[in-house]
Structure formats: structure tokens, C-alpha cells
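As numbered in mature numbering (1 follows the signal peptide of the UniProt record, and there is no 0), residues -23 to -1, 1 to 328 make up the sequence shown, in order. Here the structure comes first, spelled out in C-alpha cells, and everything after it is commentary.
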Amino acid sequence: MANFSCFLLVFLVLYFANSYSNAQSVPAMYVFGDSLVDVGNNKHLSLSLLRADFPHNGVDYPGGKATGRFSNGKNPADFLAEKLGLTTAPPYLSQPDDVFVKGVSFASGGAGIFNATNEDAIKQTIPLPVQLGYFSRVHQRLVKQLGTASAEEHLSKSLFPVVIGSNDLINFSKSGNTPQQFVNLMVSSLKEVLKGLHGLGARKFLIVGTAPIGCAPKQRFQSTTNECNAEVNSLSKNYNQGLQSMLQDLKSELKNIHYTYLDTYSIFTNFIDNPTTYGFNETKAACCGLGKLRARVPCTPVSEYCSNRSNHVFWDVYHPTQTTARTFIDILFSNSQEYVTPITIQQLTAI
């Protein structure tokens, strides 16, 4: 018993020492993206048709409350913050006049790299260029409160996760472009936003590639065989290749920029192809929804939801369960470089 207590004490000391170390090197997170990391911005958009501030979302969140996360509980942004010893960055629209020294999330469900993405379908979202504009306001307040030099140092140590692109890819067919033209436009548009963030003091970027979106329940539902949409997956892979090439170019163009690219595509492909390795047994159907694959009708208060949520890869028609999100972040922090390039997240935060 004494040996176990000693072991437990050492474990806790190392765990909290690691969290403290990460917190020292990363004072804040400024999160940009879409519903995969939205922590509640869309619930402040009165006209938005894409919200998650109702049951059964949040059924496994502390208190069982629907917070605006598109999940049964926490999402990747929450688990990333935990790994770094930070509290989850709050949604910008919950307190838009704050200075946000400890970070903020601009992520919005339905958002894309392009302003026009989902503009007609969901009426109101916060596209990436607008998120950049919001950060510009935060930057001004940080400079005013901390002073130019201190604000610059603070931002240079902070982490800037960017999780975007899925909604643009899903809406590709409306663009009128060829697949390669569309991907090139996505990449070049994102590059301009990243340059804008760099101009406002961002130095450490966590760039998240897109997943095999064609394997999401909604995409499978549209197939008579329930198989993945190969065309959408091909588009996602092409975008990820272009994104990595652009990041390499950006590294040579801009001074003091550092980044880690996350290979989301490969990780989720492994979840789907080798589910039992990660503790999953349902890779096709959503946990919450109605109809075939629970994907005919999205997750709403009248939808069915599964009891074995930890066994499902997908919570709803497009979003991962809390367990999937946690497993995803755990893999990225495993010190393996299999899914991260050119450096690990730990190396990025230590710079």
C-alpha cells in the first residue's frame, strides 16, 4: 500500500509539473476554426441555423449541459487546453469586449475559409476572414492593456490552433471550379489569413488538416451502400497536400514563424479501419440522430441517441464523440512524429 501511495504521488507530481511547464511556455490559446472546435460562439448568433445549445448535445459534459459544442461532451479544443495546462478558451461572442489575455476562441459552426461557405444554408456563421478581424480587435486591446512590447511577447508565446476547411470541401460542388482550382483557392486564401495573423503577432501555429470527411455518417447516408464518399475524401487529401506545401513556403517567407501540422486524415482513417485498436465498434452510424445511420435527421431534442457513446467514432452526422476527441488529442501528444510534422506539439510549445 505504501509503495502504491508513493507511486501515485510521483505520478501526480510529474503530471502537474508537466502541465505547469506547458502553461509557462504557452500563456494562452487563440483558436480559429469551425464546429469541430466551436465552444459556444454560434449560440450567440441569433440567425444561425447551425447551433448545438440544446439536448442531446452536452449529455456527457459536466452537469449534462448543452454548451454550444457539437458533441456529447467536450471537443478537441477542451482536451488540447487540458494537455497544455490551460482552461478552455471562451467563445469570443460571449464577452466581445474582453481583453482575452488568457485566450479566446473565434471558432464557429459552419465556418469556412471562404466568406460564402454555408452563407445560404445556415444564414449566419463567423467565416475565417471575420475571425481574423475579431482577433485584430483583441490585438488592439492587448496592446492597450499590456503595452506594445509585452503584448508582442505574450502573443509570440501563445498558441494559435487553426481548424478549418471541412465546410468548404463539403460545399465544393457549389463553387463552379475544378477540384484542383478549388483546393488551390482554399490554400491561397488560408495563406493570406495566416500571414495576417503573423502580422498581428502570432508565431506558433497548430494547423489541423481535414479528416476523411467522405466517411462521416451524413456522407455515407447519401450512398446506397453506406460506403464512404471517395470523391470528397480525394478532395480532402488533395487539400491537405496543398496545405502542407503552403506551410513550408510560409516558413521560408516569414520571420520567426513556427508550426505543427496535424495529420487528421490518417488518424481518423485508422479509427475507421481499425476501430477495436482504439476501443470503438461503431464507425459508420452517428450516435445521435434519426433514420438510416442516424443521419437522415441531425441531432435534435427529438432524436434518438445511443447509450454506448464511448464506442462510437461519430456523435452526430459530422462531429466526433467526446471519446474520439480525447483519443485524437492523446495520440497527438504521444511524442510520436507519425502524425505531426515538422515538429511535435511539445516541441512547438517549448520554442
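By construction, the Cβ of each residue, glycine as well, lies at the ideal position given by its N, Cα and C atoms.
Length of the line joining the Cα atoms of residue i and residue j
{"i": "Asp75", "j": "Cys192", "result": "39 Å"}
{"i": "Lys181", "j": "Val279", "result": "42 Å"}
{"i": "Thr237", "j": "Gln101", "result": "31 Å"}
{"i": "Leu63", "j": "Leu136", "result": "11 Å"}
{"i": "Asn(-2)", "j": "Phe9", "result": "Only weak support is given to the placement of Asn(-2): the predicted model assigns it a pLDDT of 49, under 50, and the question is left unresolved by the model."}
{"i": "Phe159", "j": "Asn144", "result": "13 Å"}
{"i": "Ala188", "j": "Phe245", "result": "6 Å"}
{"i": "Tyr295", "j": "Ile234", "result": "32 Å"}
{"i": "Phe310", "j": "Glu96", "result": "35 Å"}
{"i": "Tyr38", "j": "Phe83", "result": "21 Å"}
{"i": "Asn154", "j": "Leu146", "result": "12 Å"}
{"i": "Val209", "j": "Ile190", "result": "7 Å"}
{"i": "Cys205", "j": "Arg197", "result": "5 Å"}
{"i": "Arg271", "j": "Glu130", "result": "48 Å"}
{"i": "Gly142", "j": "Phe77", "result": "25 Å"}
{"i": "Glu281", "j": "Gly266", "result": "6 Å"}
Beta-carbon separation (whole angstroms), residue i vs residue j, contact threshold 8 Å
{"i": "Gly164", "j": "Gly219", "result": "Reading the sequence as shown, one finds Val at residue 164 and not Gly. Right, the Cβ-Cβ distance comes to about 4 Å (below 8 Å), so this counts as a contact."}
{"i": "Lys121", "j": "Asn203", "result": "That belief does not hold up - the Cβ atoms of Lys121 and Asn203 are roughly 55 Å apart, past 8 Å."}
{"i": "Lys42", "j": "Gly50", "result": "Between Gly50 and Lys42 the Cβ distance is about 10 Å, and since that is not below 8 Å, they are no contact."}
{"i": "Phe91", "j": "Ser25", "result": "With a Cβ gap of about 17 Å, Phe91 and Ser25 do not count as contacting."}
{"i": "Gln299", "j": "Ser48", "result": "6 Å"}
{"i": "Ala179", "j": "Leu132", "result": "6 Å"}
{"i": "Ser113", "j": "Leu177", "result": "6 Å"}
{"i": "Gly40", "j": "Lys20", "result": "Not a contact, Cβ separation roughly 16 Å."}
{"i": "Phe56", "j": "Ala302", "result": "6 Å"}
Cβ neighbour criterion (16 or more within 10 Å) applied to residue i
{"i": "Pro73", "result": "exposed"}
{"i": "Glu315", "result": "exposed"}
{"i": "Glu259", "result": "buried"}
{"i": "Ala128", "result": "buried"}
{"i": "Asp226", "result": "exposed"}
{"i": "Ile184", "result": "buried"}
{"i": "Gln85", "result": "Checking the sequence shown, residue 85 turns out to be Ser, not Gln. Flag for Ser85 reads buried."}
{"i": "Asn312", "result": "exposed"}
{"i": "Asn285", "result": "exposed"}
{"i": "Arg28", "result": "buried"}
{"i": "Phe248", "result": "buried"}
{"i": "Ile103", "result": "buried"}
{"i": "Ser150", "result": "exposed"}
{"i": "Asp11", "result": "buried"}
{"i": "Lys228", "result": "exposed"}
{"i": "Leu105", "result": "buried"}
Beta-ladder partner(s) of residue i, from DSSP
{"i": "His289", "result": "Glu259"}
{"i": "Gly10", "result": "Val140"}
{"i": "Pro53", "result": "DSSP, once it has assigned bridges, lists no residue as partnering Pro53."}
{"i": "Lys181", "result": "Leu136 and His235"}
{"i": "Glu281", "result": "Gly266"}
{"i": "Pro39", "result": "DSSP lists no partner for Pro39."}
{"i": "Pro297", "result": "Phe291"}
Residue i (DSSP reduced to helix, strand or coil)
{"i": "Ile220", "result": "Correcting the residue type first, residue 220 is Leu in the shown sequence and not Ile. Reduced to three states, the DSSP call for Leu220 is helix."}
{"i": "Glu230", "result": "helix"}
{"i": "Cys192", "result": "helix"}
{"i": "Thr64", "result": "coil"}
{"i": "Phe248", "result": "helix"}
{"i": "Tyr236", "result": "strand"}
{"i": "Gly80", "result": "strand"}
{"i": "Thr318", "result": "strand"}
{"i": "Val274", "result": "strand"}
{"i": "Thr326", "result": "helix"}
{"i": "Glu204", "result": "coil"}
{"i": "Thr253", "result": "helix"}
{"i": "Asn34", "result": "coil"}
{"i": "Asp307", "result": "helix"}
{"i": "Gly110", "result": "helix"}
{"i": "Ser25", "result": "coil"}
{"i": "Ala302", "result": "helix"}
{"i": "Gln157", "result": "helix"}
{"i": "Phe47", "result": "coil"}
{"i": "Ile147", "result": "helix"}
Residue i beta carbon near the ligand NAD (any heavy atom closer than 8 Å)
{"i": "Asp75", "result": "In terms of ligand content, the structure shown is empty, and the ligand NAD therefore cannot be addressed."}
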